[in-house]
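S.K.:
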Amino acid sequence: MTALAATHKTDSDQCLLQGHDLHCVRGERSLFTGINVTVNRGQCLHIVGANGSGKTSLLRILCGLSSADSGTVLWRKQPLANNVDFNASTAYVGHKDGLKNELTAIENLRFQQQLEGINDEQALDDCLAQLKILYCADLSAQALSFGQRRRLAFARLLLSSKASSKTSSKVLWILDEPFTGIDIHGRALIEDLCVQHLSDGGAIVMTHHQSLDQSGLAKYRSELNLEAHGGNL
Amino acid sequence: MNWSEFFHMGGYAFHVWSCWALSTACLLFIVAFAKFRNARIKRDIARQIQREERHQNNS
Amino acid sequence: MNTLLLYFKREWQLLFRNTGALIQPLVFFIIIALLFPFSLPAEITLLQKIGGGIIWVAAVLASLLSLENMFQSDYQDGTLEQAIIHQRSLEMAMLGKVLAHWSATGLFLTVFSPLLCLTFNIPSEQIWVLFFGLLLGTPSLTLIGAVGAAITVTLRRGGVLIAIIILPLYIPVLIFGAGMLSQSAQGLEITSQLYTLAAIFVLAITLAPFAIASALRATIN
Amino acid sequence: MNPVSIIWKFLVTVYHRLGSPREFYQIAQYTTPIFGLLSLVLFVCGAYLGLFQAPADYQQGDSFRIIYVHVPAAWLSLFVYMVMATAAAIGIIWRMKMAFVVAICSAPLGAVFTALALITGSIWGKPIWGTWWTWDARLTSELILLFLYFGVMATYHAFEERKTAEKAMAMLAIIGVVIVPIIHYSVEWWSSLHQGATIFAEGGPRMPADMLTPLILMILSFMFFYGYALFLSAQNKVLLNERKSQWVKAAISAAEK
């Protein structure tokens, strides 16, 4: 009896995000229909598809930014709307970096940290150092290059995942084209971070136009090809 | 009561008749506009269907 | 509450880095108000009579001018998306932002309004009436305007649309704010108008955050 | 089964049937002519009684006959706003597609009724007040209502993505409903500063029956007309929104043959 309860618990604990029969229409076009996804701990869901096949739309539906035309998204078996637990457990890096131009790199990070009720200057430096942009700390975000800004966005992601061990951990990362504009070294860094996150029991949903076969993420990944779910025009 | 007296409206002919005429015209315009639009939409959809049929026959 | 304060503080931090945007509404307010004497017959009594109304209209226009930028930059750089995903209470976060915005526009205007009153030769008792009227009225203006700004945030040129949808909603505040002045000029009681302005403010501050948050969630997708 | 639950079930069925664009389109094909016919009959009766049978007002003479188009228009201007806001709320809360269609189709109709109330009121005001426009509380409120309608329409048309436009429009309509009473109250207070109470009381139970009956008929006629016009434009909107779907194509091809 106890054993059964325990397995049941781990099972529900394993499964983080579920999408049932998702359908999305943009303008006149039906982008995709009948999408079922499950994201478990330690799993990287890789959404692939041609340009305009709805990768970003699906990602935004999965993180609650936009709503599907039909179908439901569940976070730990609960609906996504007004789900405080989901807000606390998810980190998102989109096309837009979410950085304030007027603030310096470190100030951008500090704001994120303060929102979580933490005050730890050392952690800020660590995150910047881990993405090898410590030298940018006091530059305003406006002065950073595109690649540096992307790295800063990942530093913020890392910060919120690390620091939040006190409150609740950012167990799910949602990444939209994470490697755009980032050089080879940066890409390796970010892949390492992702692998680390996955082996710690986190989960990732990402869009990326290339195959992940060659990367360290290959063994965690499950692929979802949107072209197989294409809607009718 | 004769007709000219009726149309005279006790000296308020302009006010009364302009209001009634305007209201009737507005209501009729709404209906005419909706019917006209309906015909145009149906025509456009019919053309779209024909285009799709031609496309299917060609391919 | 913590979220509200943090957003309030960050908004001020951003405003200090961008002093141009900080003083623009104030300068606009003063210029609009000072434009009226040029377009009116040169009578001191006339300006005295309508000066309060002019200042109110200028305040409404100045607060309208600054609305477009309220959420636009946050939307463009993606911080708004981050807030929608991460914030437990988007309502509180946005309220902090809007209040910071008010303190940078409405509060400034209110503080400077007595100066304009002097140029219009408005008697000193009435200056106080105008001052407290603006102090109570401008937060409502900013809160109502923020809802319009939230609805139009994704539009590239939302400025005119904000004016069209928001100006009719400003009318009650304008009526009671400016009406208070003409009441007091006739030596009548103005407490009921003050209470009404306060009631509108309470209504605005309780409902606007929810309207803002749901408008942002609905239009950003 | 008790009667309450039968009625409830019936209402739920109607709601679901009207909620689907396809079912709505089919039902509307039958209901539209009925509404139009009812409106026409009531209009003819109301116009006959109002213009021929009702006695002239002892103060305003025959000019009061404007009431038979002014009051229905003014009544409808508010009624349509209420319908629009209710539909908008239903659309937002229950994500009902048809509710948004009803809301967005109501806006131009309401704007026309409001403009009509304003213009006829102003023409009526000329012989009564001696001026085309006065800052009377009722006229001013109508004017602001017209701007609210414009705002709703402008918002809907500003967005490219239809779903976003519907939501934004609906939010604005709901906000308007909260503020309309405040606006009305404030305008009333403000116009009392400028002048005494309104010069004439419109409608009201003090009217003799032979004046009141045509007014009621005209109001009913306008309401059925609103229903008629709403069905017409909602059908157009449904066709436009669903023009890629199979049932619309089938319906159009069937009509062509």
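Protein chains in written order, with our numbering: chain A, 6 to 238; chain B, 10 to 68; chain C, 38 to 258; chain D, 1381 to 1637. Even glycine gets a Cβ: it sits at the ideal position worked out from N, Cα and C. Since the model is a prediction, treat every value here as computed from it, not as a measurement.
#1: What does valine 98 (chain A) pair with, by DSSP beta-bridge criteria?
#2: Measuring CA to CA, which of A:Asn124, A:Gly122, A:Asp197 and A:Gly103 is closest to arginine 154 (chain A)?
#3: So, do the segment 53 to 65 of chain B and the segment 1538 to 1554 of chain D have three or more beta carbon pairs nearer to each other than 8 Å?
#4: Just verifying my parser: in three-state terms, what is the DSSP assignment at serine 190 (chain C)?
#5: How is the beta strand (DSSP E) around glutamate 228 (chain A) delimited, first residue to last?
#6: Determine the extent of the alpha helix (DSSP H) in which tryptophan 80 (chain A) is found, giving its start and end residues.
#7: Taking three-plus beta-carbon pairs below 8 Å as touching, is the segment 1393 to 1403 of chain D in contact with the segment 1477 to 1493 of chain D?
#8: What three-state label does DSSP hand phenylalanine 149 (chain C) in the structure shown?
#9: Taking 7 Å as the threshold (C-beta atoms), are leucine 1612 (chain D) and isoleucine 50 (chain B) in contact?
#10: I need the straight-line Cα distance from proline 176 (chain C) to alanine 1553 (chain D), nearest angstrom please.
#11: Determine the closest residue to glutamate 1622 (chain D) out of A:Glu33, A:Leu198 and A:Leu231, with distance taken between C-alpha atoms.
#12: Counting Cβ pairs, one atom from each stretch, are 3 or more of them under 8 Å apart for the segment 55 to 70 of chain C and the segment 94 to 103 of chain C?
#13: Which same chain residues end up closer than 7 Å to leucine 120 (chain A) when comparing Cβ atoms and leaving out the 5 residues on each side of it in sequence?
#14: Among D:Ile1563, D:Met1533 and D:Phe1459, which has the Cα closest to the Cα of tyrosine 1606 (chain D)?
#15: What number of angstroms, rounded off, separates the C-alpha of histidine 64 (chain B) from the C-alpha of arginine 1397 (chain D)?
#16: Is the number of C-beta pairs between the segment 151 to 162 of chain C and the segment 70 to 88 of chain C that are closer than 8 Å three or more?
#17: Under 8 Å Cβ-Cβ, which residues of chain C neighbour threonine 1714 (chain D)?
#18: Sorted by chain position, which residues of the same chain lie with C-beta nearer than 7 Å to leucine 211 (chain C)'s C-beta, five sequence neighbours on each side aside?
#19: Kindly indicate the opening and closing residues of the beta strand (DSSP E) around glutamine 23 (chain A).
#20: From phenylalanine 66 (chain C) to leucine 117 (chain C), what does the alpha carbon distance come to, in whole angstroms?
#21: Please classify leucine 217 (chain A): does DSSP put it in a helix, a strand, or coil?
#22: Near leucine 198 (chain C), what residues of its chain come up, given a Cβ to Cβ distance below 7 Å and the 5 sequence neighbours on each side ignored?
#23: Looking only at C-alpha atoms, which of A:Leu114, A:His202, A:Asp90 and A:Pro183 sits nearest to glycine 152 (chain A)?
#24: With a threshold of 16 other CB atoms inside 10 Å of the CB of arginine 254 (chain C), please say whether the residue is buried or exposed.
#25: Determine the DSSP secondary structure at leucine 9 (chain A), reduced to helix, strand or coil.
#26: Can you check whether the CB of glycine 1501 (chain D) is closer than 7 Å to the CB of histidine 1450 (chain D)?
#27: Nearest chain C C-beta to lysine 1547 (chain D) closer than 7 Å, yes or no?
#28: Under 7 Å between the Cβ atoms of tyrosine 97 (chain A) and isoleucine 179 (chain A)?
#29: Report all residues from its chain with a CB closer than 7 Å to the CB of alanine 215 (chain C); omit the five preceding and five following residues, and keep chain order.
#30: When you compare only the Cα positions, how much space is there between phenylalanine 238 (chain C) and glutamine 23 (chain A)?
#31: In three-state terms, what does DSSP make of phenylalanine 37 (chain A)?
#32: Which residues of chain D have a Cβ atom closer than 7 Å to the Cβ of glycine 32 (chain A), listed in chain order?
#33: Per DSSP, what kind of secondary structure is cysteine 141 (chain A) in: helix, strand or coil?
#34: When the Cα atoms are used, what is the spatial distance from threonine 61 (chain A) to serine 76 (chain C)?
#35: Is any beta-carbon of chain D found at less than 7 Å from that of proline 205 (chain C)?
#36: Which residue's Cα is closest to the Cα of leucine 15 (chain B): D:Tyr1410, D:Ala1487 and D:Ser1443?
M.R.: Straight from the coordinates:
#1: A:Leu180
#2: A:Gly103
#3: no
#4: First, the residue type needs correcting, since residue 190 (chain C) is valine and not serine in the sequence shown. It is coil, neither helix nor strand.
#5: 226 to 230
#6: Note, tryptophan 80 (chain A): premise wrong, no alpha helix (DSSP H); beta strand (DSSP E) at 75 to 80.
#7: yes
#8: helix
#9: no
#10: 22 Å
#11: A:Glu33
#12: yes
#13: none
#14: D:Phe1459
#15: 35 Å
#16: yes
#17: Absent from the model: residue 1714 (chain D). The displayed extent of chain D is 1381 to 1637, so no value can be given.
#18: Trp93 and Val97
#19: 20 to 31
#20: 29 Å
#21: coil
#22: Thr189 and Leu192
#23: A:Pro183
#24: buried
#25: Because leucine 9 (chain A) carries a pLDDT of 42, less than 50, the predicted location of this residue cannot be relied on, and the following value inherits that uncertainty. Three-state result, leucine 9 (chain A): helix.
#26: yes
#27: yes
#28: yes
#29: Gly89, Gly90 and Trp93
#30: 43 Å
#31: strand
#32: Glu1541
#33: helix
#34: 55 Å
#35: yes
#36: Here the sequence assigns phenylalanine to residue 15 (chain B), which means leucine is not the residue at that position. The shortest Cα separation from phenylalanine 15 (chain B) among D:Tyr1410, D:Ala1487 and D:Ser1443 belongs to D:Ser1443.
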